[in-house]
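Chemist:
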Amino acid sequence: LRQAKIVFDEALCGARKAAQVNRAHLHVESQAAQCRALAQQKEELARLHDAELRRLTADLDERCRQADLEVSLQTGKCLEAETRSRALQEELAKAYARIKELEREISNL
Numbered sequence: 172l173r174q175a176k177i178v179f180d181e182a183l184c185g186a187r188k189a190a191q192v193n194r195a196h197l198h199v200e201s202q203a204a205q206c207r208a209l210a211q212q213k214e215e216l217a218r219l220h221d222a223e224l225r226r227l228t229a230d231l232d233e234r235c236r237q238a239d240l241e242v243s244l245q246t247g248k249c250l251e252a253e254t255r256s257r258a259l260q261e262e263l264a265k266a267y268a269r270i271k272e273l274e275r276e277i278s279n280l
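Residue numbers for the sequence shown, in the working numbering: 172 to 280.
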């Protein structure tokens, strides 16, 4: 009977240890599942972040392109205005010269 009790106690101890190992295994499995879920969330966030970054970069590129076009347009207008200004200055100089010429002719009369 004593031997049977020793065997029973050892079996009970073994069963307890097996239960502890099983609980630890379940805990590890649960943590592994949580880690996998977090890794998936992280990957999804990274994909969303990359997509948003690409969208913002494309938007910024388009704005820069539009600004470059506007600068080119304004530069063209400035060059055109400078050309007209020079032409008007030349006409004005000719007009002053003609006035001076007419003033000399009048004074010679």
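Cβ atoms here follow ideal geometry from the backbone N, Cα and C, with glycine treated the same way.
(1) By the three-class DSSP mapping on this structure, what secondary structure does residue 172 have?
(2) Starting from the N-terminal side, write out each stretch of the alpha helix (DSSP H) that is 4 residues or longer and does not extend beyond the region 204-277.
(3) In this structure, how does DSSP classify residue 280 when only helix, strand and coil are distinguished?
(4) Alpha carbon to alpha carbon, how far is residue 191 from residue 215? Give it in angstroms, no decimals.
(5) Could you check the C-alpha separation between residue 210 and residue 198 for me, to the nearest Å?
Modeler: Reading off the structure:
(1) coil
(2) none
(3) The answer is coil: DSSP assigns residue 280 none of H, G, I, E or B.
(4) 36 angstroms
(5) 18 angstroms
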